[in-house]
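Per UniProt numbering, the very first residue in the sequence shown carries number 1; after that it's consecutive. By construction, the Cβ of each residue, glycine as well, lies at the ideal position given by its N, Cα and C atoms.
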Amino acid sequence: MVKNLRNHIDFMGQFLDDTNRLLTQLLKDMRASYNISKEQEEVIMLLHNEEALTLSQITERQGVNKAAVSRRIKKLIQAGLVRWEQSQEHTDQRYKYITLTDKGNEYSEKSRNVISDIVGQLLSDLDGEEIDLALTVLEKIDKRLKHYLNN
1 MVKNLRNHID
11 FMGQFLDDTN
21 RLLTQLLKDM
31 RASYNISKEQ
41 EEVIMLLHNE
51 EALTLSQITE
61 RQGVNKAAVS
71 RRIKKLIQAG
81 LVRWEQSQEH
91 TDQRYKYITL
101 TDKGNEYSEK
111 SRNVISDIVG
121 QLLSDLDGEE
131 IDLALTVLEK
141 IDKRLKHYLN
151 N
């Protein structure tokens, strides 16, 4: 096993906390301009990555109760960032999906641009080999995370 594993685990936890704090700070003004919370922003980013999700899927991914997610969705609909859509795949018309509106896509793209800019600055003094190595390690960790999440 890796020597000093505990130190590596502690570092990874601190790294994730620092990353989350930085993103929260960077996107604070943008969230305020759209009048949305961090939790509502998370819904937008989920939808950006998945395109369409049911209320139950969002609830499961955010790990909160359905009522809390329903309130988030209601506020995002009122803000014009998401909408309900009927399923084209199911004959049962009770299947509804939540998708981003143009305004929701605009928010998502703007936030991704902010994130891309800061990542570019953070990685500016690393060479391509270092970036590739870091990406390879992170992809391995991500694959394992997805395995745990799906089981």
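Task: Contacts around Glu85, its chain only, beta-carbon distance under 6 angstroms, and the 5 residues preceding and following it disregarded - done: Here the question's residue 85 lines up with position 85 in the sequence shown. Tyr97, Thr99.
Task: Neighbour-count burial assignment, Val137, 16 or more Cβ in a 10 Å radius - done: For the purposes of this step, residue 137 is taken as the residue at position 137 of the sequence shown. The residue in question, Val137, is exposed, as its Cβ has fewer than 16 Cβ neighbours within 10 Å.
Open item on the list: Less than 8 angstroms between the C-beta atoms of Tyr107 and Tyr34, yes or no?
Closed with: The residue given as residue 107 occupies position 107 in the sequence shown. The residue given as residue 34 occupies position 34 in the sequence shown. With respect to the 8 angstroms criterion, Tyr107 and Tyr34 are classified as neighbours on the basis of their beta carbons.
TODO: Starting from the Cα of Lys38, find the closest Cα among Arg21, Glu130, Ala52, Asn49 and give me that residue.
DONE: Sequence index remark: in the sequence shown, residue 38 carries index 38 (1-based). Of Arg21, Glu130, Ala52, Asn49, the residue nearest in Cα terms is Arg21.
Task: Status (buried if at least 16 other CB within 10 Å, exposed otherwise) for Ser111 - done: Position 111 of the sequence shown, counting from 1, holds the residue named residue 111. It is buried - the Cβ of Ser111 has at least 16 other Cβ atoms within 10 Å.
Open item on the list: Less than 8 angstroms between the C-beta atoms of Leu76 and Val43, yes or no?
Closed with: Reading the sequence shown from its first residue, position 76 is the one you call residue 76. Reading the sequence shown from its first residue, position 43 is the one you call residue 43. Contact: yes.
Open item on the list: So, at 7 angstroms on beta carbons, what are the nonlocal neighbours of Val69 in its own chain, with the 5 sequence-adjacent residues on each side left out?
Closed with: The residue you call residue 69 lines up with position 69 of the sequence shown. Excluding five sequence positions before and after Val69, the CB atoms of its chain that fall closer than 7 angstroms to its own CB belong to Leu55, Ile58, Thr59, Gln62, given in chain order.
Open item on the list: To the nearest angstrom, how far is the alpha carbon of Asn49 from that of Lys3?
Closed with: In the sequence shown, the residue the question calls residue 49 occupies position 49. In the sequence shown, the residue the question calls residue 3 occupies position 3. Cα-Cα distance, rounded: 36 angstroms.
Open item on the list: Residues in the same chain with beta-carbon distance under 7 angstroms from Gly80, minus the five sequence neighbours each way, listed in chain order, please.
Closed with: Along the sequence shown, one-based indexing puts residue 80 at 80. Taken in chain order, the residues that qualify are Thr101, Lys103.
TODO: Go to Thr136, then tell me how far its beta strand (DSSP E) extends in each direction, as first and last residue.
DONE: As a working mapping, residue 136 is identified with position 136 in the sequence shown. Segment 128 to 149 is the alpha helix (DSSP H) holding Thr136; no beta strand (DSSP E) there.
Open item on the list: Which residue wins for smallest C-alpha separation from Glu109, given the options Leu123, Ala32, Met45?
Closed with: Counting from one through the sequence shown, the residue named residue 109 turns up at place 109. By alpha-carbon distance to Glu109, the top candidate from Leu123, Ala32, Met45 is Met45.
Open item on the list: What residue range does the beta strand (DSSP E) around Ile98 cover?
Closed with: As a working mapping, residue 98 is identified with position 98 in the sequence shown. Where Ile98 is concerned, the enclosing beta strand (DSSP E) stretches over 96 to 100.
Task: Whole-angstrom distance between Glu41 and Asp127, CA atom to CA atom - done: What you label residue 127 is simply residue 127 of the sequence shown in a count that begins at 1. What you label residue 41 is simply residue 41 of the sequence shown in a count that begins at 1. Those two C-alpha atoms are separated by around 32 angstroms.
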